[in-house]
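Below is one structure, written out as structure tokens; the observations come after it.
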Amino acid sequence: MASPGERLASSVAAVRRRSRLVDHLVRMQEHYGAVKAGRQAGAVTYFGFLSFFPILALTFFVVGLVSRVYAGARQDLTDALNTVMPGLIGSDEGQATLDQIERAASTLGIIGAVVLLYTGLGWLSAMRDALTTVFETPEDRRPGFVAAKLRDLLVLVLIGGVLFVSVALAGLIGGFSGDLADWLHLGVDLGWVVRVLTILVGVAADLLLFFLCFRLLGRTEAPRSALWQGALLGALAFEVLKQLSNLLLQSTQGNPAFQAFGIALIILVWINYFSRIVLYAAAFAHTAPAARAARVAEPAAPVEGPPSPPVVVDAGTPAWVAPYAAGALSTLGLVALARRITRTDR
1 MASPGERLAS SVAAVRRRSR LVDHLVRMQE HYGAVKAGRQ AGAVTYFGFL
51 SFFPILALTF FVVGLVSRVY AGARQDLTDA LNTVMPGLIG SDEGQATLDQ
101 IERAASTLGI IGAVVLLYTG LGWLSAMRDA LTTVFETPED RRPGFVAAKL
151 RDLLVLVLIG GVLFVSVALA GLIGGFSGDL ADWLHLGVDL GWVVRVLTIL
201 VGVAADLLLF FLCFRLLGRT EAPRSALWQG ALLGALAFEV LKQLSNLLLQ
251 STQGNPAFQA FGIALIILVW INYFSRIVLY AAAFAHTAPA ARAARVAEPA
301 APVEGPPSPP VVVDAGTPAW VAPYAAGALS TLGLVALARR ITRTDR
């Protein structure tokens, strides 16, 4: 009689045979555990937490320079941060205030900005190591120190650019919602439409961010279709995390641990959740059918041993004569040596 565990395994196997999606999700979880992605997420969380405030201060330092040309840069940055993590910046208890961040950013010079930039890139370096582990990127495809830091800087700039563009699009949607209702002669509130469109813009921005991280940081050779599948899963999960961030903030208001550590505790938890989402999405892309088929189709490199010394054989002599003659001469030599030893003993 089969045990409960065996019956459960048999049922799961039957469901996997019937559903490709279930089979894909199971493969994702198996690969996530096989490469110890949970530990990788912990490492990313550690470096991400240490890098968060340097990156934030550096960002406001740059925005302070940009605001001399574009006055709305400060508000756009605030909106972008609250889009990624709602409730992070504000005037309520436990929230980071703009005055605190800007005072820290105003004390930076060029040298301080470079130091903060190097410190802030530690998060992306940890994320790069985690993604190359999940994607099982060969060592020869992993960049060196200088190339890796330049790539991390490029990804950081792209992340900031995509966030600013998404916030600008969301602002345009909200600004034109009233005019759109007047043009269409709709006497109804379009707030829910604006909300849906804003979420869709956020998902599209997250989709692009995940794909860029997989391609630039993971250095994977997986097909683009597989990477887009993983990016879509990550974007949807990340959007859910952003929507739940307000609930997370509210649930920790009366927590004694929150009273002791404040916003830092929420940032730590949020970074860990985000890191797990990224690595789960990478595992989903790595185990996609297209990615698995591409790995199976890759020919294995032939195993080559050290080169053998060339055998020189006379053109008119059969190939077997040389080794046969060498063996005969060795045998005659051993016989002569044995006879000499025997005569000496007599």
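The numbering used here applies: residue 1 is where the sequence shown begins, and numbers increase by one.
We put the beta carbon where it would ideally sit given N, CA and C, even for glycine.
Being a predicted model, the structure only gives us computed values, none of them experimental.
Contact annotation: ALA226 and VAL134 have beta-carbon atoms that are not nearer than 7 angstroms.
Non-local C-beta neighbours of ARG128 in its own chain, meaning closer than 6 angstroms and more than five positions away in sequence, comprise LEU217, ordered along the chain. Less than 7 angstroms divides the Cβ of PHE47 from the Cβ of TRP123. Scanning its chain for C-beta atoms nearer than 7 angstroms, with the 5 sequence neighbours on each side dropped, one finds around ARG27 the residues THR287, in chain order. Three or more beta-carbon pairs separated by less than 8 angstroms are not found between the stretch 11 to 23 and the stretch 269 to 283, which leaves the two stretches without contact.
Membership of LEU216 in any alpha helix (DSSP H) is not indicated, and neither H nor E is assigned to it by DSSP. DSSP places THR137 in the coil class of the three-state scheme, outside both helix and strand. Non-local beta-carbon contacts of VAL162 in its own chain, meaning distances under 7 angstroms to residues more than five positions away in sequence, involve ALA205, LEU208, LEU209 in chain order. Membership of ARG7 in the alpha helix (DSSP H) is indicated by the continuous run 4 to 18. Cβ-Cβ separation between ALA285 and GLN229: approximately 6 angstroms, consistent with a contact (criterion under 8 angstroms). For ALA285, the enclosing alpha helix (DSSP H) covers residues 263 to 286. Shortest Cα-Cα distance from ALA168 to any of LEU150, ILE267, THR198, LEU158 involves THR198. When rounded, the separation of the alpha-carbon atoms in PHE60 and VAL35 is 37 angstroms.
Taking a contact as a CB-CB distance under 8 angstroms, the pair ALA235 and PHE214 does not count as one, their CB atoms being some 12 angstroms apart.
Scanning PRO143, THR132, VAL146 for the CA closest to the CA of THR220 turns up THR132.
CA-CA distance, VAL203 to SER3, rounds to 44 angstroms.
In this structure, PRO223 is the residue among PRO223, ALA147, LEU150, VAL240 with its C-alpha nearest to the C-alpha of ARG292. Burial check for TYR280: the Cβ neighbour count within 10 Å reaches 16 or more, so the residue is buried.
The Cβ-Cβ distance between ILE263 and THR45 does not fall below 7 angstroms.
Bounds of the alpha helix (DSSP H) holding VAL296 are 289 to 297. The shortest CA-to-CA distance from VAL155 to any of LEU241, LEU212, GLU136 is the one to LEU212. The beta carbon of ASP23 lies closer than 7 angstroms to those of ARG16 in the same chain, with the five residues before and after it left out.
Relative to GLY160, the option among GLY33, LEU265, LEU56 whose CA is nearest is LEU56. Annotation for TYR32: GLY38, VAL134, LEU279, TYR280, ALA283 place their beta carbon closer than 8 angstroms to its own, counting only its chain and skipping 5 residues before and after. Annotated as proximal: VAL201 and SER166, with beta-carbon spacing under 7 angstroms.
Around the C-beta of SER19, fewer than 16 other C-beta atoms lie within 10 Å, and the residue is accordingly described as exposed. Each residue's CA atom was taken as its position, placing SER245 and LEU268 some 12 angstroms apart.
Straight-line spacing of the CA atoms in PHE164 and PHE53 works out to 19 angstroms. GLY202 carries a helical assignment under DSSP once its states are collapsed to helix, strand and coil. Under the three-state reduction of DSSP output, GLY144 falls in the coil class, being neither helix nor strand.
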